[in-house]
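For the sequence shown, this note's numbering assigns the number 7 to the initial residue and increments by one for each residue that follows. C-beta atoms are modelled at their ideal positions from N, C-alpha and C, and glycine is treated no differently.
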Amino acid sequence: MHTADGYIKATSSKRMRCAFKINEVTYTFTGDLAWGVENCSCTKATLTYTSLDQLSATMRFEAHLGGNSLELNLDNGPFILGVLSHPIYPFTNTVGSGDWRQNMVPIEAPAGVESASAARNS
7 MHTADGYIKA TSSKRMRCAF KINEVTYTFT GDLAWGVENC SCTKATLTYT SLDQLSATMR
67 FEAHLGGNSL ELNLDNGPFI LGVLSHPIYP FTNTVGSGDW RQNMVPIEAP AGVESASAAR
127 NS
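Next comes the structure, spelled out in structure tokens:
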């Protein structure tokens, strides 16, 4: 198993963007949730995967959110764990689907979100 640090940013109550840097390439997973969840952002998130081949195409996922934690389990095996910036109550389970994209642009966290690597180096 391999891991990569990154972040999760809610772009709306039903959409989130997860970004991780692996071998100087930014892997971004943009997902749509079946049920809206407010404040679904994590300044520190970890992607666990077996092969880079898993980080492509469209994938369905299950999301478990509550307290300070967020967990996304993708149908093809990878999972993402994060520490929520703001606690969520009650605990919520939802499903959704999203798309992986890769690019050579350096990973930059959105304004107000510290990347996991920057946090680790401070």
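| Check | Outcome |
| --- | --- |
| Where the beta strand (DSSP E) containing M7 begins and where it ends | Counting along the chain, M7 falls outside any beta strand (DSSP E), and DSSP gives it neither H nor E. |
| Inter-residue Cα distance where the pair is T17 and K27 | 20 Å |
| Whole-angstrom distance between C46 and L90, CA atom to CA atom | 7 Å |
| Cβ neighbours of I94 in the same chain (closer than 6 Å, five flanking residues each side left out) | L71 and G72 |
| 6 Å Cβ shell around G42 - same chain, five flanking residues per side excluded | S19 and K20 |
| Cβ separation of G88 and A51, assumed to be a contact under 8 Å, to the nearest whole Å | 4 Å |
| Buried/exposed call for F97, threshold 16 Cβ in 10 Å | exposed |
| Whole-angstrom distance between I86 and T64, CA atom to CA atom | 16 Å |
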